[in-house]
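Step one of this worksheet: look at the structure below.
Residue numbers (the numbering used here): 635 to 806.
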């Protein structure tokens, strides 16, 4: 896969505030261009579940997998809605198929499950998703951060430093 300096970061209503904002700024700090991708037109203001706003920069219908070297699927309550959107699932599956880094935290793995990219992977998540991941064919572990090939997963906002450290290693 050609090296790209662009990352897809999914956003939607009721995202987990820290799980969007921390990766967004760490990736920018590391020199990446980050497309904040939502279901609505670019410039839509989404509110986090703790009240923090985030503006999207790209509508999911306009996102093309070949533009990205990786994807971050944050948690909160938004993954339950985003995983029902065929355009979201296609973007995730296509970035995975082309060899991009797949990163997800907390409830974000719901999106990866629905995109069909977790079978055979060792992953972590919020404990509430353990059964979902196991039933989708993943091996669930309760660790701060888990790396399996190009997939990086973590459990909760407190794990963000370890989560981003591993994402940035894979993107280097």
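Note that beta-carbon positions come from the ideal geometry of N, C-alpha and C, so glycine has one too. In this text, all values refer to a predicted model and were calculated from it rather than measured experimentally.
Check                                                                                                                                                     : Outcome
Give the C-beta separation of residue 664 and residue 804 to the nearest angstrom, bearing in mind that I take them to be a contact with Cβ-Cβ under 8 Å. : So it is not a contact: roughly 12 Å between Cβ atoms.
Taking DSSP's pairing of strands, which residues face residue 739 in a bridge?                                                                            : 788
Just list the residues that DSSP pairs residue 710 with in beta bridges.                                                                                  : 649
Within this structure, are the beta carbons of residue 714 and residue 744 separated by less than 9 Å?                                                    : yes
Looking at the C-beta of residue 670, does it have a partner C-beta in chain C at a distance below 9 Å?                                                   : Note that chain C does not occur in the displayed structure, where there is just one protein chain.
Would you check if the region 681-696 and the region 749-768 touch, i.e. whether three or more CB-CB distances between them fall below 8 Å?               : no
What residues in its chain sit with their C-beta under 6 Å from that of residue 674, if we drop five residues either side in the sequence?                : none
With DSSP run on the structure shown, which of helix, strand or coil describes residue 794?                                                               : helix
How should residue 702 be labelled, buried or exposed, when 16 other C-beta atoms within 10 angstroms of its C-beta is the threshold for buried?          : buried
Determine, using beta-carbon pairs with one atom in the region 766-773 and one in the region 791-798, whether at least three such pairs fall under 8 Å.   : no
Compute the distance between the beta-carbons of residue 736 and residue 644, then report whether it is under 9 Å.                                        : no
Assuming contact is defined by CB atoms lying nearer than 9 Å, are residue 697 and residue 739 in contact in what I supplied?                             : no
CA-CA distance, residue 718 and residue 748?                                                                                                              : 8 Å
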